[in-house]
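Going by the numbering used here, 289 is the number at position 58 of the sequence shown; the sequence numbering is gapless.
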Amino acid sequence: MTHIQNTNSQYNLAPFCKKIDRKSNRVGIVDHFDDPSVQRSMALDLALIDTYDQELQSLELYIARSAKAYDANTYYRLRSVPGIGKILALVILYEVHDIERFAKVGNFLSYARLVKCAKESAGKRYGTSGGKIGNVHLRWAFGEAACLFLRNNPEGKRLHEKLVKKHGKAKALSILAQKLGRAVYFMLKRKQAFDMNRFFSR
């Protein structure tokens, strides 16, 4: 897809009207170019994308079935969180493995890179450190979940707007990701599904 986009830019052509990650938006891409050699190159790219789409769909189905056999209850609890779909649920499921590994919510948030470690000496605090300590995959998953949580979620958008006014856009999403991480920790500890009312009451 990147090669198609770059080729389009190199020939100084108008950008594609729609995102080409969706198959329905890739119709007519070959004819978008005049040079027969470029058309052939684009046709090859599209054939590769179609093949990858099929293989990835098959692989995702296999992994999802394996996850359900591994721990179906936890998988479905994770799916109950707005913004956590199949892929993010799988990432969190396998990266957390067993929530009982974390004695406190702070341990979990630190492991997921959702909070920074305090830098202390002789009882005095000197800022934070260890921003790269922890699980990068969980940090990514909760960051993505925070963005997706806002879709079709008026209450979530209102909360985000308040956070943006107080902390700025980037920090607001980080706070929302941390809040989701905290909710997931207690969900898995208590073996409960996501509760929207409880989420916004804290």
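Each residue gets a CB set at the ideal place from its N, CA and C atoms; glycine is no exception.
- Membership of Glu286 in the alpha helix (DSSP H) is indicated by the continuous run Pro267 to Arg310.
- For Leu324, the closest C-alpha among the options Ala334, Met418 and Asp426 is that of Met418.
- Judged by DSSP secondary structure, Asn256 falls outside any alpha helix (DSSP H); it is assigned neither H nor E.
- Our two residues, Cys248 and Lys388, have alpha carbons roughly 27 Å apart in a direct line.
- Taking 4 residues as the minimum length, the alpha helix (DSSP H) runs contained wholly in the segment 319 to 351 are 336 to 342, in order along the chain.
- The beta-carbon distance between Gln409 and Leu340, rounded to whole angstroms, is 6 Å. This is short enough to meet the 8 Å contact definition.
- Between Ile315 and Ala376, the beta carbon gap of about 5 Å places them in contact (Cβ cut-off 8 Å).
- Look at Cys248 here: in three-state DSSP terms it is coil, with no helix or strand label.
- Counting only the Cα atoms, Leu407 lies some 10 Å from Leu381.
- For Arg332 against Asn366, the beta-carbon gap comes to about 12 Å, at or over 8 Å, which does not count as contact.
- DSSP places His368 inside the alpha helix (DSSP H), whose first and last residues are Val367 to Phe380.
- Straight across, the Cα-Cα distance linking Glu392 with Phe264 is about 43 Å.
- Under a 10 Å Cβ-count criterion, Pro267 is classified as exposed, with fewer than 16 other Cβ atoms of the shown protein chains found around its own Cβ.
- Under the three-state reduction of DSSP output, Tyr416 falls in the helix class.
- Judged by their CB atoms, Asp276 and His328 are not nearer to each other than the 8 Å cut-off.
- Using a Cβ distance threshold of 8 Å, Leu390 and Phe425 do not count as a contacting pair.
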